[in-house]
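Chains B and F, in that order, are what the protein sequence lines are. In this text, residue positions in the first sequence follow this note's numbering: the first is 1, and each later residue adds one. In this text, residue positions in the second sequence follow this note's numbering: the first is 332, and each later residue adds one. We put the beta carbon where it would ideally sit given N, CA and C, even for glycine. Computed from a predicted model, the values in this text were never measured in an experiment.
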Amino acid sequence: MRILDEGSGRLFTDPDPDAARAFFRSKSRALRPKVTSLREAVAGYVHDGEYLAIGGFGANRTPVAACHEIVRQGRKKMGFAGHTSTHDFEILAAGEVFDRVDVAYIVGLEARGLSACARRYMESGKVEVTEWTNYALMLRLKAAAMGLPCLPVRNMMGTDTFRHSAAKITTCPYTGKKLVLLPALYPDVAFIHVHEVDEYGNCRFAGISVADLELANAAKHLVITAERLIPNDVIRQDPGRTRIPFHLVDAVCEVPYGAYPGTMPYEYFSDETHLKEWLKVEKDEAAFAEFLEHNIFSCADHSEYIEKNGGLKKMQALREREFLLDRGGKG
Amino acid sequence: MSAYNTMELMIAAASRELEDGAVVGVGTGAPCAAAMLSQRMHAPNLVIMFEAGGVNPQLPEMPISVGDSRTFHRASMAGSMADIMEACARGMVDYTFLGGAQIDMYGNLNSTVIGPDPNHPKVRLPGSGGANDFASFCWRMMVITPQDTRRFVEKVDFITTPGWLEGGDSRREAGLPPDAGPYKIITDRAIMDFAPESKRMRIVSVHPGHSLKDVREQCGFELLEADRVTETPAPADDELRLLREEVDPFGFIIGR
C-alpha cells in the first residue's frame, strides 16, 4: 500500500490487533462479582506509565470521582486520550498524571472558558502531544473495538491537525480517493460512569452514549463507576437495555453522585458555581494547591468531597436544576 | 424598529441562512441561539444536532456543554458521536457553525495553538474537538465571530480546521469531500462569503452604522468585495422579541 503522506506526531500505543487479541484471550470473561471500592479499583488497574481513557463528554456523565482517586493516589507518566475532555482533563492536569496526550479537545471547559492550570501544564514542555479530532479518536477506539489495526476516514486532510497527528494518507483501492488511515487505540485502562450496574458489570445508562460503547470495547481494562447498584434480576428481565455487558468489565464501584460537579442526565445538573470556582482559583498557584488539598488530597473518598461542597442539600438543588424545576419547569 | 445590540444582529443574520427542513450541527452560544431563532421564525422543521449525540432536541434553554442534558431534551434521539459524525460524513448535515482564535482569507480556522512552534506553544488552546470533522463534512460551514486584526490574520498559526485551504481547487486536491466548505462569515461589522473561483473571503453586506472602510481596517488581510455590497438588514421586531423572550430569556448570549 502506497503512503502518500503521514503526520509527524508520535503514536503512543500499539495498534497491532494480534497483540490485542493475545491480551483479550487471557482476559477473564467469567460471570463473577466485581464490586469493590474505587480506591482498590484504581490501585489495581491504574499503573504509572500506562495509557488512560475517560468516558462521558466534557463534564457530562464523566467519572469525576475516578479522576480524583487517580490524582489522590499520585499516578504519573501516563498516556491520556484527550477525547472531549474538559473537567476530567483539568483534574488530571492538576495531578500531573499524564506526560503524553492524544489531543482532540483539552484545556477548555467549552463555554465556561479555559483552565489556567491545564494551560500551564500543557505550555510547560512536560507533555508530548499528538493531534487528532473528536471523530478521529472515536474511530481509533472503534478500530480497536473491531479488532482492526486501523480505519479510514475522509477528514483531517490538508490541515496542521493531520500534520501533527500519527495518521497516514493512502489511496482507496476501489475509488482512487484519498483516505486518512487512523491507527487503532487500545487504552490500558478506561473508566466509564453509568446510572446503574449489577454486581457483574452489566451496565445501563440514560441519554447520549458519546463514544463510550467504542471505548468500553477497546479498553483492555474497564472500571465502571455507577450511581446505583441494581440486582442482576433487573438486568435479565430487560437485557435489551444493557449498554455495556459484564464480560468487558473488570471492576464495579458504586459511587453516588460520581459525576459531580458535572451533569448526570436525569439525576443532577452541573454545579456551575463550583466549576467556576475551580477555573478562578487555578489562576493563583498557591491558592490552587490549597484548593486541591481541601477538595482532593484530604478527602477519603468522593462522598467527603461532596460533603465539603454542600452535601445532600446541594445534590437536591442540582436535581431540581436538572429537571428545570428551579425555573418553573420552563428553563 | 427597536434598538438592538450587535450580538442580536449577528444571531438574526445567521438565523436567516438556515432554511426549513435543513440539518445543522451546532455548538453552544450564538450558533445555538441562531438555530433556535430560525425554528421560531421560518424553519420549524430545522433539525439541530449536537456532536455528542443529541438529535433534534426541543431546547428548553441554552446548553452549557454540547453534551449536557439540554442537548437531548425532548429530542428525537439521544444517540452517539458516531450517529452524528457518520451522518456528516454521509452528506446528511447541511450546515455547521464553528469558531476559532484565528481565521484567514480562505476561512481556515485555528483553535489549537498560538505561536510559531506548535510543540512549544505560547498559548495552548483546546484543539479540534469536533470542528475539523464538521468542517470537513458539513456542506456549508459558517462562522459567527467578532472581527479584528488579531483574529482575522494573513496566515493562521495552525490550521486546525479546514476552510478552502489555499483557495482555488486546493481543498478538493487535498482529498476532502468536494463541494463542502466555508459559506458565510458573520462578524460584528459585516457578512462575508467566498469568491467562487479563488475562494477568497469577500464582503457581501455591511452592518448598519459601519462602513466598508472600517470593515477593512479591522481585518489583517485584503478583503474582496462581492459585485453588489448591500447593508445587512437590522433584526426585525419579531426576531428581537423571540430572541429575548424565548431563545435567550436570561441573556446568556445576547447579554440583556
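- When Cβ-Cβ separations below 8 Å define contact, residue 99/B makes no contact with chain F.
- The three-state reading of DSSP puts residue 385/F in strand, counting E and B together.
- Contact annotation for residue 382/F against chain B: 134 [CB-CB distance below 7 Å, chain order].
- Contact between the segment 200-207 of chain B and the segment 245-257 of chain B is present, with at least three C-beta pairs closer than 8 Å.
- Three or more beta-carbon pairs drawn from the segment 67-81 of chain B and the segment 92-112 of chain B are found closer than 8 Å, and the two stretches are therefore classed as touching.
- A direct Cα-to-Cα measurement between residue 211/B and residue 404/F gives close to 19 Å.
- Under the three-state reduction of DSSP output, residue 316/B falls in the helix class.
- The straight-line gap separating the alpha-carbon atoms of residue 136/B and residue 350/F is approximately 30 Å.
- Interface flag for residue 464/F against chain B is set, since a Cβ pair is found closer than 8 Å.
- Interface criterion met: the Cβ of residue 490/F is under 8 Å from a Cβ in chain B.
- In this structure residue 88/B is in contact with residue 64/B, their Cβ atoms being roughly 7 Å apart against a cut-off of 8 Å.
- By the CB criterion at 8 Å, residue 13/B and residue 400/F fall outside the cutoff.
- Close CB contacts of residue 461/F within its chain, under the 6 Å cut and outside five residues either way in sequence, are with 382 (chain order).
- Counting only unbroken stretches of 3 or more residues, the beta strand (DSSP E) elements lying wholly within the segment 168-232 of chain B are 168-171, 178-183, 189-197 and 221-229, in sequence order.
- Close to residue 154/B, with beta-carbon spacing below 8 Å, are these residues of chain F in chain order: 420, 467, 468, 506, 507 and 508.
- Take the alpha-carbon of residue 248/B and the one of residue 293/B: they are about 34 Å apart.
- Neighbours of residue 273/B in chain F, taken as residues at a C-beta separation under 7 Å, are lacking, since the least C-beta distance is about 12 Å.
- Cβ-Cβ separation between residue 95/B and residue 70/B: approximately 7 Å, consistent with a contact (criterion under 8 Å).
- Chain B places a beta carbon closer than 8 Å to that of residue 397/F, counting this residue as a contact.
- In this structure, residue 496/F places its C-beta atom within 8 Å of the C-beta atom of residue 437/F.
- Residue 46/B and residue 66/B have their C-alpha atoms some 10 Å from each other.
- Restricting attention to 291/B, 274/B, 279/B and 238/B, the CA atom closest to the CA of residue 314/B is found in 274/B.
- Here residue 463/F carries a helix assignment [DSSP, helix/strand/coil].
- When the five nearest sequence neighbours on each side are left out, the beta carbons in the same chain lying within less than 6 Å of the beta carbon of residue 144/B are those of 184, 185, 186 and 218, in order along the chain.
- With a 10 Å radius around the Cβ and a threshold of 16 neighbouring Cβ atoms, residue 1/B comes out exposed.
- When 8 Å is used as the limit between beta carbons, residue 169/B is near these residues of chain F: 506, in chain order.
- In the three-state scheme derived from DSSP, where H, G and I count as helix and E and B as strand, residue 311/B is classed as helix.
- In this structure, the CA atom of residue 215/B is about 21 Å from the CA atom of residue 155/B.
- Two segments are said to touch when three or more pairs of C-beta atoms, one from each, lie closer than 8 Å; by this definition the segment 411-429 of chain F touches the segment 471-488 of chain F.
- Nearest CB-CB separation between residue 175/B and chain F: not below the 8 Å threshold.
- Residue 561/F and residue 342/F have their C-alpha atoms some 18 Å from each other.
- Between the alpha carbons of residue 302/B and residue 420/F lies a distance of about 40 Å.
- By the Cβ neighbour-count rule, residue 396/F is buried, with 16 or more other Cβ atoms within 10 Å of its own.
- Taking 8 Å as the threshold, the shortest C-beta distance from residue 122/B to chain F falls below it.
- With a threshold of 8 Å between beta carbons, residue 428/F makes no contact with chain B.
- 416/F is the residue among 393/F, 416/F and 535/F whose C-alpha sits nearest the C-alpha of residue 464/F.
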